[in-house]
Every structure is written in C-alpha cells, then in structure tokens.
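Chemist: Residue numbers (this note's numbering), protein chains in the order written: chain C, 1 to 224; chain E, 1 to 316; chain W, 1 to 238.
All C-beta atoms in this analysis are idealised placements derived from N, C-alpha and C, irrespective of residue type, glycine included.
Quick one: this structure, given as structure tokens, is what I'll be asking you about.
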Amino acid sequence: MSVLADQFTAHTFVDAFRFIGDNASLMLSKTGQTCELAFAALGIALALALPLGLWLGHRHRGLFLALGVSTLGRALPIIVLIAFGLTVLGVGFWNNTAALVVLGIPPILTNAYFAVDGADRDAVEAARGMGLTERQVLLRIELPLGLPLIVAGVRISAVFVIASATIAAIAGGGGLGDIIVNQASYGLAGVIAGSLCVSAVALLTALALGLVHRAVSRSTTARA
Amino acid sequence: MATQAAELVFDEATKQYPDRPEPAVDRLSLTVPAGEICVLVGPSGGGKTTALKLVNRLIPLTSGDIRIDGRSINDQDVTELRRSIGYVIQQVGLFPHMTVEANIGTVPRLYGRSRQWIRERTAELLELVGLDPSYAKRYPAQLSGGQRQRVGLARALAANPPLMLMDEPYSAIDPIVRARLQDEFLRLQRELRKTVLFVTHDIDEAIKVGDRIAILREGGRLAQYDTPENILLKPADEFVAQFVGADRALKALSLRTLGQISLRPGTWLDGLPQIDASTNLRDALGFLLAGGSDRAIVVDDDGNPLGTVTPEDIVR
Amino acid sequence: MIPVLGGSGPVIPSFGSGSSCEQNNGWWCTDWLREHWGDTLQPALVQHIELVAIAIAAGFLIASVLAIAGFRYRLLDVPVGGFADFLYTIPSIALFQLLVPFTGLTVLTVEIALTSYTLFVLYRNMVAGLRGVPEDALEAARGMGLTRVQTFFRVELPLASPAVLAGLRIATVSTVSIATVAAFVVPKGLGEPIFIGLDQNLFKTEILAAGGLAILLALAADVALAWFARAVTPWSRA
Chain C
1 MSVLADQFTA HTFVDAFRFI GDNASLMLSK TGQTCELAFA ALGIALALAL PLGLWLGHRH
61 RGLFLALGVS TLGRALPIIV LIAFGLTVLG VGFWNNTAAL VVLGIPPILT NAYFAVDGAD
121 RDAVEAARGM GLTERQVLLR IELPLGLPLI VAGVRISAVF VIASATIAAI AGGGGLGDII
181 VNQASYGLAG VIAGSLCVSA VALLTALALG LVHRAVSRST TARA
Chain E
1 MATQAAELVF DEATKQYPDR PEPAVDRLSL TVPAGEICVL VGPSGGGKTT ALKLVNRLIP
61 LTSGDIRIDG RSINDQDVTE LRRSIGYVIQ QVGLFPHMTV EANIGTVPRL YGRSRQWIRE
121 RTAELLELVG LDPSYAKRYP AQLSGGQRQR VGLARALAAN PPLMLMDEPY SAIDPIVRAR
181 LQDEFLRLQR ELRKTVLFVT HDIDEAIKVG DRIAILREGG RLAQYDTPEN ILLKPADEFV
241 AQFVGADRAL KALSLRTLGQ ISLRPGTWLD GLPQIDASTN LRDALGFLLA GGSDRAIVVD
301 DDGNPLGTVT PEDIVR
Chain W
1 MIPVLGGSGP VIPSFGSGSS CEQNNGWWCT DWLREHWGDT LQPALVQHIE LVAIAIAAGF
61 LIASVLAIAG FRYRLLDVPV GGFADFLYTI PSIALFQLLV PFTGLTVLTV EIALTSYTLF
121 VLYRNMVAGL RGVPEDALEA ARGMGLTRVQ TFFRVELPLA SPAVLAGLRI ATVSTVSIAT
181 VAAFVVPKGL GEPIFIGLDQ NLFKTEILAA GGLAILLALA ADVALAWFAR AVTPWSRA
C-alpha cells in the first residue's frame with residue numbers, strides 16, 4: 001500500500017491512457033458490458049416507474065409513496081442490495097439487473113409523480129372543460145408540461161445506475177467494474193483507466209440527457 | 001401616542017434611467033403639508049411608484065431634491081432615513097418566518113427596544129389597526145389578505161414615523177374589504193395625523209383617501225396637484241378631465257355627505273325609506289334611484305330624523 | 001495493493017467453526033450477533049457515523065461559501081453548479097480510485113469523495129433557497145432600513161433554511177448509503193463487515209446485520225433531520 005504514495009506522479013494518468021490504448025478492445029468490450037447492464041436496468045426501471053408515477057400524479061394520489069420511495073431509494077446502499085441479491089439469486093446478470101432496477105426506479109417515479117401532480121392546474125382544468133378525456137389530459141397536457149422534470153429524474157436515475165453497475169462487478173456483473181476492483185490483474189494503470197472510462201460513460205450520458213432536458217424545457221417554456 | 005408629522009417637499013425631483021429616452025419622473029415639484037394625505041395617481045408609466053420610492057431612496061434621485069422637514073434626503077444616512085419612514089406596499093412584504101409581533105418589532109428591535117416594549121407596542125398597534133391582540137403570536141401564513149395588510153400598516157407605524165409611504169396598499173384586496181380598510185385608515189389618520197404619500201391607480205380611491213391629489217401623466221410629469229374637489233370640478237386640462245372620467249361630476253358628489261347639504265323639512269312623513277346623514281351624496285343618489293322613491297328621510301346616528309331629501313336636492 | 005473485498009479488515013472467525021446456525025449460514029444467527037456486536041458491528045457503525053458526519057460538515061461548509069458566492073455573483077453560479085454536478089456524476093467507486101494516486105488508501109480519500117457528492121445537492125438547495133426568498137419581503141426589508149447584512153441574516157437566511165435543511169436531509173441519507181462503498185479504500189464503516197461477509201462464502205447474518213444497520217442509520221438520520229427542520233422552522237407549518 002505504501003508503494004502507492006511513491007507512485008503518485010502524473011505518470012499514473014499517462015500510464016492509464018497508455019493502458020487504454022494498449023487494451024483498446026478489452027476496454028471497449030468492458031465498457032459495452034457496463035452500458036448493457038446499466039441501460040437494460042434503466043430501461044426496465046423506466047418501463048415500471050414512468051407509467052406508475054404518471055398515473056399517481058394524474059390522480060394526485062400517493063404523495064406519501066412518492067416521497068417514501070425516493071427516501072428509501074437514497075437510503076439503500078447498492079452493495080447491500082447486491083449482497084442480498086447474491087445470497088438469494090446467486091451470481092449473474094439478473095441479480096445485478098434486479099438490484100439496479102430497484103435503485104433506478106425512485107428518481108424516475110418521484111419526478112414523474114411531481115411533474116404531473118404539479119402541472120399547471122388551470123391548463124388541466126381548461127383541457128377538461130374543452131372535453132379532453134382523462135387519457136388525453138395526461139398525454140397532451142400534463143405530460144408535455146412535466147417533461148423537463150421527468151427528464152431530470154431519468155438523468156439522476158441514469159447516473160445512479162451507471163455508478164451502481166460499476167460496483168456490481170463484485171457480484172460478477174462484469175464490465176469496467178471488473179477492472180476497477182482488480183488491481184492484482186490489471187495494475188494501478190488499469191484501475192485508473194477503468195475509472196476514467198466509466199466516468200466518461202456517466203458524464204456523456206448525463207450530458208446527453210442534460211441536452212434533452214434543455215430542449216424539452218425550452219419547448220415547454222415556448223409553448224407556455 | 002405622540003402626534004408628529006413632517007412636511008414633505010419635492011423640488012424639481014427627477015429620475016432619468018440611462019437606458020430610456022424619457023425620464024420616469026420629470027422635474028416633480030410639490031409640497032405635502034405636515035399631517036396631510038397626498039395621493040399620487042395616474043396611468044401606468046406615470047412614474048407614481050418611482051416618485052414614491054425616490055423618497056426613501058430605494059431609487060436614487062437623478063437631479064433635484066426631496067426634503068423632509070426641510071432636510072434633504074441625501075444628507076441623511078440611508079438606513080436611518082428608511083427607518084424613520086413608514087413603508088407599506090401592495091404585497092405587504094410581511095416576513096413569513098416571523099410572528100406578527102416579530103414583524104411589527106423589526107425596526108424597534110433595530111433601535112434596541114426591549115421585548116416588553118415591543119410586546120406592549122404590538123398590542124397597542126394591533127388594536128389600532130382593528131385586529132385582536134391575540135394575533136401577535138400568529139405567522140403571516142395564518143392570516144387573510146386583509147389581516148396581512150393591517151399588520152403591514154401596524155409594522156410601518158411601529159417606530160412612530162412622521163412620514164408614511166404607501167404604495168398601492170389596497171390594490172390586491174377585494175372591493176368590500178378594501179372599502180373597510182380605507183375607512184379604517186382614514187379614521188386612524190384623523191387620530192394620528194401623519195404625513196402620508198399614497199400611490200394608487202384608482203381615481204376613486206384617490207378621491208376618497210386624499211387631502212390632495214397629484215395626477216401624474218406619462219413621462220412622469222405633474223398634470224395637476226390640487227384638492228379632490230378642484231381636480232373633479234376644475235380639471236387643469238383635457239388629460240386630467242379624461243383621466244378622472246366623464247362621470248367626474250358624479251364623483252364630486254362623493255366628497256360631501258347628506259349632513260352637509262340643506263335638507264327639506266318633512267320629517268313627519270311616514271313610510272319613506274330612511275338614510276343615514278353620514279352617507280355621501282353619490283351613494284345617496286344611488287339609493288334614491290334604486291329605491292324607486294323620489295324622497296327619503298335623513299336620520300342622524302341615533303336614528304332621529306333630520307329632514308327629507310330628493311334627487312334634485314342632491315344634484316343641485 | 002487495493003483490497004478487492006476489504007480483505008485487510010480484522011480477521012473474523014469463519015462461520016464454519018461457529019454455532020450450527022452459523023454453519024448452516026442462517027439469515028439471523030443471534031449467537032453470532034451477540035458475539036460480534038462489540039468487535040465488529042458496533043465499531044463499524046461508529047466509524048460509519050464518523051465518516052458521514054465529517055463529510056457532511058465539510059460539504060456543508062464548502063457549499064455554504066460557494067452558495068453565498070453563487071447567490072451574490074450570478075456569474076459564478078453556472079460554473080460552480082456545473083462543477084458540483086460534474087463531481088456528482090462520477091461513479092463513486094471510480095472517484096475513490098481516481099483519488100488514490102493523490103491521497104492514497106486513506107480516510108482522506110474517502111472524505112474527499114464523500115464530501116464531493118454532498119456539494120451538488122447542498123449547493124443547489126442553498127442557492128434555490130436564497131433565490132426563493134419572496135421579492136416583497138426583500139423590498140419591505142430594504143424599505144424599512146435593514147442593511148445588506150441585516151437583511152441577509154434576519155430575512156434571507158431564515159427564509160432559505162427550509163430548502164437548505166431539505167438539501168441537508170437528502171445529502172445525509174445519500175452519504176450514509178454511499179459511505180458503504182468506502183470499504184473499497186479503507187477498512188472502515190458498515191461496508192467493511194458487508195465485504196467480509198461477501199468474502200466469507202456470503203455469510204448472510206453479517207451482510208444482513210451490517211446492511212440493515214446502514215439502512216436504519218440512513219432512515220434514522222432522515223427522521224431526525226425532518227424533526228429538526230420542523231422544530232427550527234415553525235412558520236412553514238403555519
């Protein structure tokens with residue numbers, strides 16, 4: 001361990017970049033695995049949490065659930081979830097996916113709830129008065145008005161899931177986490193390289209969703 | 001409570017924003033005698049609120065001067081100046097995290113007054129503005145709009161300032177409560193005799209509240225500064241006549257009450273509707289026209305008949 | 001050498017040699033819990049609270065300075081908020097490892113990372129709280145002759161406090177949770193027994209106990225801070 005302090009030089013990062021160059025195909029496949037795990041989980045979380053959050057928000061019901069889920073989601077440590085998953089489901093993709101879905105749901109659910117619940121009441125009432133069905137009210141009025149908040153929730157969820165997917169390596173999740181927690185095989189340069197790659201994945205995803213957020217914010221403001 | 005008031009003088013007061021071609025307030029000169037209510041009224045863009053905020057230096061003067069009891073506002077420390085002027089705004093601006101008592105005690109506390117002093121003063125002021133002293137421990141969120149505005153007035157009066165600035169204080173209040181607040185304010189003023197600069201966009205409010213009315217037109221120029229009666233009956237120009245409205249003769253009726261005109265004898269007549277002598281002529285005319293009767297008995301506060309009145313008597 | 005599964009922690013007897021519950025890897029071995037509360041769980045809990053408390057205190061201090069700056073000088077808001085967002089986006093385990101070349105396998109590394117994560121929520125809530133102070137209250141304060149400093153301490157700060165406290169709650173709960181990952185770097189906190197349990201053929205009781213403690217600690221902190229916020233902002237209940 002004391003070796004590390006001596007190794008503290010800019011070279012560590014130069015070595016890390018060299019490692020990425022030398023092991024391009026390995027890094028690419030590991031990055032791919034991380035993305036696969038994270039985005040599969042994010043997709044499932046979206047499919048489950050979005051409709052539920054929209055529906056609860058539309059009915060203005062389940063405030064307690066929305067708040068409770070978000071606190072619980074923050075309180076659940078990923079390694080505890082993965083460890084539980086390991087003991088129950090064993091090692092594997094689905095164990096990790098299940099854990100990541102559980103962590104990915106709260107921000108999406110809570111934001112979707114508040115996005116629809118907080119949609120301009122006057123606009124909603126006007127829409128009802130004009131004869132839109134409940135479904136149309138939700139899809140044409142509340143959803144577009146709440147879109148920025150919903151996208152913000154997806155962004156938080158994505159960042160959360162990618163970070164957790166990295167930790168999932170300890171449960172055989174594969175991906176960049178494998179490299180980051182295995183200095184014995186990959187060396188410090190590998191560990192740093194893996195950390196840089198996963199950070200890049202997270203930052204790019206956040207950036208992309210940030211741009212989507214900006215686009216939908218602008219369009220709702222323009223419409224309003 | 002000590003009655004004290006200050007004379008307020010605008011002397012060629014001008015506010016020119018660098019990014020606008022026209023001044024917001026243009027060489028405004030007027031004197032508000034101590035203890036009187038001066039209402040600034042005019043269309044939007046007339047600079048009424050700007051003129052008011054020049055006084056407590058929330059907006060700095062570009063040129064000219066404003067003097068309170070002969071002392072230029074620019075010669076005084078700005079925080080001292082503001083603490084010595086009562087300030088009431090439309091949105092009230094109560095501090096949501098403070099109780100009513102803490103709100104009222106804000107400036108006295110800055111002056112180092114004791115808790116005991118503030119508690120007593122709060123009770124006294126709440127009573128004065130028509131609220132039960134038990135409201136002292138409530139938070140603003142627990143009050144209605146009218147109650148908040150009363151607390152706002154109490155807070156402005158807390159340090160017993162000789163001058164009050166009131167910026168559309170009743171514009172956001174519903175008409176019934178507004179009328180009551182106006183009446184209470186006028187009752188209060190008869191007692192306190194503060195100098196008051198009062199901004200409104202409502203000419204009826206200006207006529208009701210003001211001892212004098214200053215009408216500002218676009219570009220912040222003074223169109224007329226006079227008593228309500230003269231503004232209504234002798235408008236200085238076409239702009240003022242237009243602004244006060246085609247019904248200005250009708251409005252002028254609201255300046256006098258039945259008790260101030262000569263009534264016909266005839267109190268023996270039974271079956272006629274009764275009307276209070278303190279009713280203003282405009283309301284009395286409305287009462288007669290709506291009642292379908294061409295005559296009513298005027299009674300005093302104790303219900304004793306004073307005489308009768310017809311629509312012709314009123315408009316004469 | 002970076003411990004993969006917290007292997008450098010105290011040596012815990014493997015469950016193979018304990019009671020029958022431990023030998024069967026039961027979910028809730030009371031014997032084991034009674035035996036190891038004192039040497040494993042309790043110290044881990046105390047260390048965990050320490051890790052979190054230091055990170056929150058440091059984060060709160062730094063975020064306060066940044067928020068006051070970002071509030072007074074709007075130009076600073078975008079870069080400061082963006083940087084906090086950037087730090088928040090880096091996956092925790094990656095941030096830990098990226099700091100190791102600078103600060104080694106130390107508590108300092110852990111605290112820097114945990115503190116970084118608190119900044120985003122704390123900063124954003126502080127600035128939003130200060131910006132959310134009603135305009136009419138500010139105008140009244142100025143009109144009444146409160147100085148800039150008096151306005152800040154008597155009006156802006158108290159009115160921002162509900163948002164600040166809400167941010168503190170979120171940051172604290174998240175940090176309790178993320179601090180379990182700290183055991184990748186130093187054998188401290190409730191993450192450590194979990195890693196050991198994972199290491200030792202998935203000893204269920206230890207994982208359940210330490211994980212449960214982490215969750216309970218987070219929820220207890222949430223409730224305590226909610227209660228505290230209620231107590232110090234009586235007007236928001238009105």
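Establish whether the CB of Thr250/W and some CB of chain E are separated by less than 8 angstroms.
Modeler: Residue coverage of chain W in this structure runs from 1 to 238, which leaves residue 250/W outside it and unanswerable.
Chemist: Is the Cβ of Gln4/E closer than 8 angstroms to any Cβ of chain W?
Modeler: So no, Gln4/E is outside the interface.
Chemist: Could you please give the first and the last residue of the uninterrupted alpha helix (DSSP H) stretch that includes Cys29/W?
Modeler: Taken as a continuous stretch (DSSP letters only), Cys29/W belongs to no alpha helix (DSSP H), as it is neither H nor E.
Chemist: Could you tell me the distance, in whole angstroms, from the CA atom of Val201/C to the CA atom of Val102/C?
Modeler: Near 21 angstroms, if we compare the C-alpha coordinates of Val102/C and Val201/C.
Chemist: Using only alpha-carbon positions, find the residue among Glu206/W, Phe195/W, Pro91/W, Leu108/W that is nearest to Thr30/W.
Modeler: The residue with the shortest Cα to Cα distance from Thr30/W is Glu206/W.
Chemist: Quick one: which chain W residues come within Cβ less than 8 angstroms of Tyr87/E?
Modeler: The contacting residues are Ala140, Gly143, Met144.
Chemist: Name the two residues that bound the continuous alpha helix (DSSP H) containing Thr109/W.
Modeler: Element bounds for Thr109/W: 107-131.
Chemist: For Gly105/E and chain W, any beta-carbon pair shorter than 8 angstroms?
Modeler: Output row for Gly105/E: interface = no.
Chemist: Please list the terminal residues of the continuous alpha helix (DSSP H) segment that includes Ser222/W.
Modeler: Per the sequence presented here, residue 222/W reads as Asp, with Ser not at that position. Taken as a continuous stretch (DSSP letters only), the alpha helix (DSSP H) holding Asp222/W covers 204-232.
Chemist: Cβ atoms of Phe10/E and Leu30/E: under 8 angstroms apart, would you say?
Modeler: Yes.
Chemist: Among Thr34/C, Ala215/C, Gly43/C, Ser195/C, which one has its Cα closest to the Cα of Leu98/W?
Modeler: Out of Thr34/C, Ala215/C, Gly43/C, Ser195/C, Ser195/C has the C-alpha closest to the C-alpha of Leu98/W.
Chemist: Would you please state the rounded distance, in angstroms, between the beta carbons of Gly86/E and Leu165/E? I believe it to be under 8 angstroms.
Modeler: The pair is a contact, with the Cβ atoms about 7 angstroms apart (cut-off 8 angstroms).
Chemist: Please confirm whether Gly245/E and Ile203/E have their CB atoms less than 8 angstroms apart.
Modeler: Yes, the Cβ-Cβ distance between Gly245/E and Ile203/E is below 8 angstroms.
Chemist: Determine, for Gly137/W, whether the minimum Cβ-Cβ distance to residues of chain E falls below 8 angstroms.
Modeler: Position check: residue 137/W holds Ala in this sequence, whereas Gly was assumed. For Ala137/W, the answer is yes, since a Cβ of chain E falls inside 8 angstroms of its Cβ.
Chemist: Decide if Asn349/E is buried, meaning its Cβ has at least 16 other Cβ atoms within 10 Å, or exposed.
Modeler: Beyond the ends of chain E as shown, which are 1 and 316, falls residue 349/E; an answer cannot be given.
Chemist: Does the Cβ of Glu142/C have 16 or more other Cβ atoms within 10 Å, making it buried, or fewer, making it exposed?
Modeler: When all chains shown are included, Glu142/C counts as buried.
Chemist: Helix, strand or coil for Ala159/E? Go by DSSP, reduced to three states.
Modeler: Coil.
Chemist: In angstroms with no decimal places, state the Cα-to-Cα distance between Gly45/E and Ala51/E.
Modeler: Approximately 11 angstroms between the Cα atoms of the pair.
Chemist: Would you check if the region 125-141 of chain C and the region 38-51 of chain C touch, i.e. whether three or more CB-CB distances between them fall below 8 angstroms?
Modeler: At 8 angstroms Cβ cutoff, the stretches do not touch.
Chemist: Determine the closest residue to Gly130/E out of Ser114/E, Asp26/E, Arg148/E, Arg119/E, with distance taken between C-alpha atoms.
Modeler: Out of Ser114/E, Asp26/E, Arg148/E, Arg119/E, Arg148/E has the C-alpha closest to the C-alpha of Gly130/E.
Chemist: Starting from Gly317/E, follow its DSSP beta bridges and name the residues at the other end.
Modeler: Since the displayed chain E opens at 1 and closes at 316, residue 317/E lies outside it and no answer follows.
Chemist: If we ignore side chains and look at the alpha-carbon of each, how far apart do Ile66/E and Ala24/E end up?
Modeler: The alpha-carbon atoms of Ile66/E and Ala24/E are separated by roughly 16 angstroms.
Chemist: Look at the Cβ atom of Leu272/E, then the Cβ atom of Arg295/E, and state whether they are nearer than 8 angstroms.
Modeler: Going by C-beta atoms, Leu272/E is nearer than 8 angstroms to Arg295/E.
Chemist: With 8 angstroms set as the bound, which would you pick, yes or no: does the beta-carbon of Val9/E sit closer than that to a beta-carbon of chain W?
Modeler: No, Val9/E lies away from the interface with chain W (no Cβ there is under 8 angstroms from its Cβ).
Chemist: Does Ile90/W come out as helix, strand or coil in the three-state DSSP assignment?
Modeler: The answer is coil: DSSP assigns Ile90/W none of H, G, I, E or B.
Chemist: May I ask you to list the residues that DSSP assigns as paired with Gly86/E?
Modeler: Paired residues: Met164/E.
Chemist: For a quick check, are the C-beta atoms of Leu28/E and Arg57/E less than 8 angstroms apart?
Modeler: No. Outside cutoff.
Chemist: Can you list, in chain order, the residues of its chain whose CB lies under 6 angstroms from that of Val4/W, leaving out five sequence neighbours each side?
Modeler: No answer about Val4/W holds up, because its pLDDT of 41 lies below 50 and its placement is not dependable.
Chemist: Going along chain W in order, which residues have a C-beta closer than 7 angstroms to the C-beta of Arg83/E?
Modeler: Simply Met144, Gly145.
Chemist: Residues in the same chain with beta-carbon distance under 8 angstroms from Lys30/C, minus the five sequence neighbours each way, listed in chain order, please.
Modeler: Around Lys30/C: Gly174, Gly175, Leu176, Asp178, Ile179, Gly194, Cys197.
Chemist: Report the rounded CA-to-CA distance for Gly259/E versus Ala252/E, giving the unit in angstroms.
Modeler: Approximately 16 angstroms between the Cα atoms of the pair.
Chemist: Using a beta-carbon distance cut-off of less than 7 angstroms, what residues from the region 146-173 of chain C approach chain W?
Modeler: Within the region 146-173 of chain C, the residues whose Cβ lies closer than 7 angstroms to some Cβ of chain W are Val159, Ile162, Ala163, Thr166, Ile167, Ile170, listed in chain order.
Chemist: Would the beta-carbon of Ala141/E fall within 8 angstroms of that of Pro96/E?
Modeler: The answer is yes: Cβ separation under 8 angstroms.
Chemist: Which residue marks the beginning of the beta strand (DSSP E) containing Arg212/E, and which one marks its end?
Modeler: Unbroken beta strand (DSSP E) run through Arg212/E: 212-217.
Chemist: Leaving out the 5 sequence neighbours to the left and right, which residues in its chain are closer than 7 angstroms to Ile37/E when beta-carbon positions are compared?
Modeler: So the list reads Gln189, Val196, Phe198, Val209, Gly210, Asp211, once near-sequence residues are dropped.
Chemist: Do the CB positions of Val181/W and Ser116/W come within less than 8 angstroms of each other?
Modeler: Not closer than 8 angstroms, so no.
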